[in-house]
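Heads up, the thing below is written out as structure tokens.
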Ligand code: AMP
Ligand code: GLY
């Protein structure tokens, strides 16, 4: 198989790495990719969110499959354009991607499908905002209706801050606060059938102890030793399958990965959000554990051939990823600083490094090129070992002013010890 992967982050590096390990994948291309991805795939310097540029590249490469990594190309209609030109694509059409692109649309689909989620009000006028904040009470949850790269949500006890965030967004969704731990579950979908991957946990806040601003995600781990038995089956039957059925009923079948961000509240599982693509950095740990070859699975989704009885195979053990972020991330990441120590990190037994926001400067030096610069992945027979490995490797990475969280998977390891 020849596969073209769109995107350039740590998630895409993890996808390309998994495809590279699939014996059925002979030829890998990436647009645009990053320096790590380009060690495994031929890079093409185009804008992955430009439907005309992507279809032109696909016409030239004639791939068996295009895998769309980030949300921006989906929302821009890149999957629609590829499908219209006859190219199998893993990723939903623009209309189905609104499940991520519009929080209000996601709420509407969930209501129609009977999917459990936080009660919510869509507000535009200041008096609607005030009424919703009063109705739900603190802590206040205010979400920008549109795409905001994981940064459009404010959760606060401070009503003034909640009002100011709402005013800065225009249209917002205000909703009831969900307590309880969060988990992410990804399901592969071919428009009709959905097959779950393994759940993972993400760390969204910038600093240890869940302090600081929301980010795209600072680390992740899988499996979740604390997750209730039957969680995946429950989420598939109460969340994923009803949503896939509802989107199909609307004439916008969902092809790609449906990402369910969940809160495990005392009242049961609730959807916090849907995304129309793999989570970043959860994908880095989930794909590390997946033993079933990825290329065939994604191709089956793109061509409507996912078997309902498809059972995925998983490597035993655990994986932990820690994001090394640039100085100033998430507010204003500093770019252009040399990144070194990647080989030393990869030499730690059980560890490897995925590139996220890296670039090569005019002197041929690897430098930071984004907020989340590299993802260090540690693996091991259990979560404690995977965590030790990840942090031993993180120690080797050198980037001036960088920061990372020191508590990825710590609570889960302590809880498992009892
Ligand atoms: P979202 O972009 O919708 O995933 O929100 C980002 C983060 O804000 C989530 O991962 C949660 O930590 C938090 N959050 C979102 N909605 C709620 C809610 N209803 N109750 C509590 N926390 C929330
Ligand atoms: N890890 C959260 C996200 O991908 O949105």
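Numbering (our numbering), first residue to last: 468 to 885.
Beta carbons are placed, not taken as given, at the ideal position from N, Cα and C, and that holds for glycine.
The structure presented is a predicted model; accordingly, all values stated were derived computationally and were not measured.
Distance, residue j Cα to residue i Cα
i, j, result
"residue 885", "residue 877", "13 angstroms"
"residue 848", "residue 661", "29 angstroms"
"residue 503", "residue 842", "11 angstroms"
"residue 619", "residue 749", "19 angstroms"
"residue 735", "residue 808", "44 angstroms"
"residue 812", "residue 763", "31 angstroms"
"residue 853", "residue 866", "23 angstroms"
"residue 516", "residue 650", "28 angstroms"
"residue 728", "residue 742", "8 angstroms"
"residue 584", "residue 549", "33 angstroms"
"residue 544", "residue 882", "44 angstroms"
"residue 855", "residue 526", "46 angstroms"
"residue 595", "residue 646", "24 angstroms"
"residue 817", "residue 846", "5 angstroms"
"residue 630", "residue 597", "8 angstroms"
"residue 547", "residue 559", "8 angstroms"
"residue 642", "residue 628", "15 angstroms"
"residue 799", "residue 838", "8 angstroms"
"residue 604", "residue 587", "12 angstroms"
"residue 696", "residue 669", "20 angstroms"
"residue 832", "residue 804", "9 angstroms"
"residue 637", "residue 592", "8 angstroms"
"residue 777", "residue 765", "13 angstroms"
"residue 492", "residue 469", "6 angstroms"
Cβ-heavy atom distance, residue i to ligand 1, below 7 angstroms
i, result
"residue 796", "no"
"residue 649", "yes"
"residue 571", "no"
"residue 586", "no"
Whether residue i touches residue j by CB criterion (8 angstroms)
i, j, result
"residue 686", "residue 875", "yes"
"residue 508", "residue 514", "no"
"residue 496", "residue 822", "no"
"residue 712", "residue 576", "no"
"residue 689", "residue 789", "no"
"residue 835", "residue 863", "no"
"residue 744", "residue 722", "no"
"residue 532", "residue 498", "no"
"residue 485", "residue 664", "no"
"residue 644", "residue 621", "no"
"residue 652", "residue 879", "no"
"residue 773", "residue 655", "yes"
"residue 473", "residue 528", "no"
"residue 871", "residue 806", "no"
"residue 510", "residue 542", "no"
"residue 535", "residue 557", "yes"
"residue 675", "residue 873", "yes"
"residue 610", "residue 570", "yes"
DSSP three-state assignment for residue i, whether helix, strand or coil
i, result
"residue 531", "coil"
"residue 482", "helix"
"residue 870", "strand"
"residue 610", "strand"
"residue 792", "strand"
"residue 699", "helix"
"residue 678", "strand"
"residue 755", "helix"
"residue 766", "helix"
"residue 518", "helix"
"residue 733", "coil"
"residue 661", "strand"
"residue 510", "strand"
"residue 568", "helix"
"residue 651", "strand"
"residue 726", "strand"
"residue 799", "coil"
"residue 864", "coil"
"residue 547", "helix"
"residue 585", "coil"
"residue 832", "coil"
"residue 771", "coil"
"residue 561", "helix"
"residue 504", "helix"
Any non-hydrogen atom of ligand 2 within 7 angstroms of residue i CB
i, result
"residue 489", "no"
"residue 559", "no"
"residue 746", "yes"
"residue 742", "yes"
"residue 749", "yes"
"residue 675", "no"
"residue 684", "yes"
"residue 755", "no"
"residue 830", "no"
"residue 669", "yes"
Near ligand 4: residue i beta-carbon under 7 angstroms from a heavy atom
i, result
"residue 574", "Ligand 4 is absent from the structure shown, which contains only ligand 1 and ligand 2."
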